[in-house]
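Asker: In terms of the working numbering, the numbers along the sequence shown are unbroken and rise by one, the last being 1125.
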Amino acid sequence: MIKLVFLTLLLTFTYAKERIVTLSPAINEIVYALGVGEQVVANTEYCTYPKASQLVPKVGGYFSASLEKVVAYKPTLVLVQKNNEKLAYKLKKLNIKTTVIQIDTLTHIKEAISQIGSLVGRTQKAQSIIRSIDHELSEIQNIVTDKKILIVIGHNTTLVKRIFVAGQNLYFDNIIEASGNSNALQSKRKGQPILNRENLIASNPDIVILLAPRKEAYNLQESDLIEPWDSLPIGASKNHNIYIIDKDYAGIPSDRLVNFLQDFKAILTQVKAHQKVKVTP
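#1: Can you find at least 3 beta carbon pairs, one from the segment 954-962 and one from the segment 893-904, that sit closer than 8 angstroms?
#2: Compare the C-alpha of Tyr1093 against each of Pro894, Glu882, Arg863, Val875 and name the closest.
#3: What distance in whole Å lies between the Cβ atoms of Asp1099 and Ala877, which are believed to be in contact at a cut-off of 8 angstroms?
#4: Considering Tyr1087, what are the terminal residues of the beta strand (DSSP E) in which it resides?
#5: In three-state terms, what does DSSP make of Asn1043?
#6: Output the boundary residues of the beta strand (DSSP E) element that contains Thr942.
#7: Of the choices Val885, Cys891, Val1102, Gly1079, whose alpha-carbon is the least far from that of Lys992?
#8: What are the start and end residues of each continuous alpha helix (DSSP H) run of 4 or more residues lying completely inside the segment 906-966, in chain order?
#9: Arg975: buried (16+ other C-beta within 10 angstroms of its C-beta) or exposed?
#10: Judging by CA-CA distance, which residue of Val1102, Thr892, Leu1064, Lys913 is the nearest neighbour of Lys954?
#11: Closest to Pro919 by CA distance: which of Thr943, Lys930, Asn927 is it?
#12: Using three-state DSSP, classify Ile874 as helix, strand or coil.
#13: What's the gap between the Cα of Ser897 and the Cα of Ser1075?
#14: What is the residue span of the alpha helix (DSSP H) that Ile1020 lies within?
#15: In whole angstroms, what is the alpha-carbon distance linking Leu848 and Leu921?
#16: Who are Leu1009's beta bridge partners in DSSP?
#17: From the beta carbon of Gln985, is the nearest beta carbon of chain C less than 8 angstroms away?
#18: Can you tell me which of Ala1117, Leu1112, His979, Pro1049 puts its alpha carbon nearest to the alpha carbon of Asn986?
#19: Name the residue from Ile984, Ile947, Gln1036, Ile1038 whose alpha carbon lies nearest to the alpha carbon of Arg869.
#20: Consult DSSP for Val884 and reduce its assignment to one of helix, strand or coil.
#21: Quick one: what's got a C-beta closer than 6 angstroms to Leu950's C-beta in the same chain, skipping five residues either side?
#22: Measure the C-alpha to C-alpha separation of Leu931 and Leu911 and round it to an integer number of angstroms.
#23: Quick check: the segment 1056-1063 against the segment 1020-1030, are at least 3 beta-carbon pairs closer than 8 angstroms?
#24: Compare the C-alpha of Asp990 against each of Pro1049, Leu1003, Asn939 and name the closest.
#25: For a quick check, are the C-beta atoms of Leu1003 and Leu1044 less than 8 angstroms apart?
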């Protein structure tokens, strides 16, 4: 009995409440999903989910977090992505516990959830989230196969130039591969390469998925985003396989990746239904 009480006290001490600053939307969402959102004392202007995080004081944007503002909130733990490594270095020099989280590939996302879970004493919850992601990944397998899929990022109403797409070394690419298909863009360029109209035609995707979160905020209808693709001589246009994911989690590699995978599955299911219709006499 005494040992049990001692162990409980030890665990409570080990995982005492932190004062957490989250410097990316993905990290912020993971912290809240792990059930320790009340420990977040500051985040960025782009940390809008869940709603509770909107009320948290802001210290800047993606690349403009203020060192002075972060320090002012007296954090005991600062979580940053790799794009903020310079700030992380400065915080560490001030003896503020700071962890750099890498969130680009699917493997890194799951590792990030596990890592943050360990830091805040929520390892079991972290593993539960990871299992949910793995389950949804298994659900997208082989619905359709051997299709070239292009994932386009942004609210593009023209396709003349500067079209951001998902390249290699990014979790979108991992998801496409896991489904039994391939990224229409096969390039050494990593992250989010920028294409023009000629590049899009050359990639000749069978399926195009447009990530346009909160398109209503830009006063855009689905037709505004799909119509520019109709004139392109690519398989996706010819077969009407152009789809939109406009939810606010599109493009945020957090626990809500589960929602994205469900949307991705629905799209592949629609493509499969199109195929059946075409072969019906």
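Quick reminder that beta carbons are idealized off the backbone N, C-alpha and C, glycines included.
Model, not experiment: these values are computed from the prediction.
Answerer: The answer reads as follows:
#1: no
#2: Pro894
#3: 4 angstroms
#4: Where Tyr1087 is concerned, the enclosing beta strand (DSSP E) stretches over 1086-1089.
#5: helix
#6: 942-945
#7: Gly1079
#8: Listed in chain order, the alpha helix (DSSP H) elements of length 4 or more contained wholly in the segment 906-966 are 911-916, 929-937, 950-963.
#9: exposed
#10: Val1102
#11: Thr943
#12: helix
#13: 42 angstroms
#14: 1015-1022
#15: Only weak support is given to the placement of Leu848: the predicted model assigns it a pLDDT of 49, under 50, and the value that follows is read from those uncertain coordinates. So the two alpha carbons sit approximately 28 angstroms from each other.
#16: The question names Leu, yet the displayed sequence has Val at residue 1009. DSSP output for Val1009 lists Val996 as bridge partner(s).
#17: This model lacks chain C altogether; it includes just one protein chain.
#18: Nearest of Ala1117, Leu1112, His979, Pro1049 to Asn986, Cα basis: Leu1112.
#19: A small correction: the amino acid at residue 869 is Pro; Arg does not occupy that position in the sequence shown. Of the candidates Ile984, Ile947, Gln1036, Ile1038, the one whose C-alpha sits nearest the C-alpha of Pro869 is Ile947.
#20: In the three-state reduction of the DSSP assignment, Val884 falls in the strand class, which pools E and B.
#21: For Leu950, where only same-chain residues beyond five positions count, the Cβ hits under 6 angstroms are Tyr1015, Asn1018.
#22: One alpha carbon belongs to Leu931, the other to Leu911, and they sit about 7 angstroms apart.
#23: no
#24: Pro1049
#25: Yes. Within cutoff.
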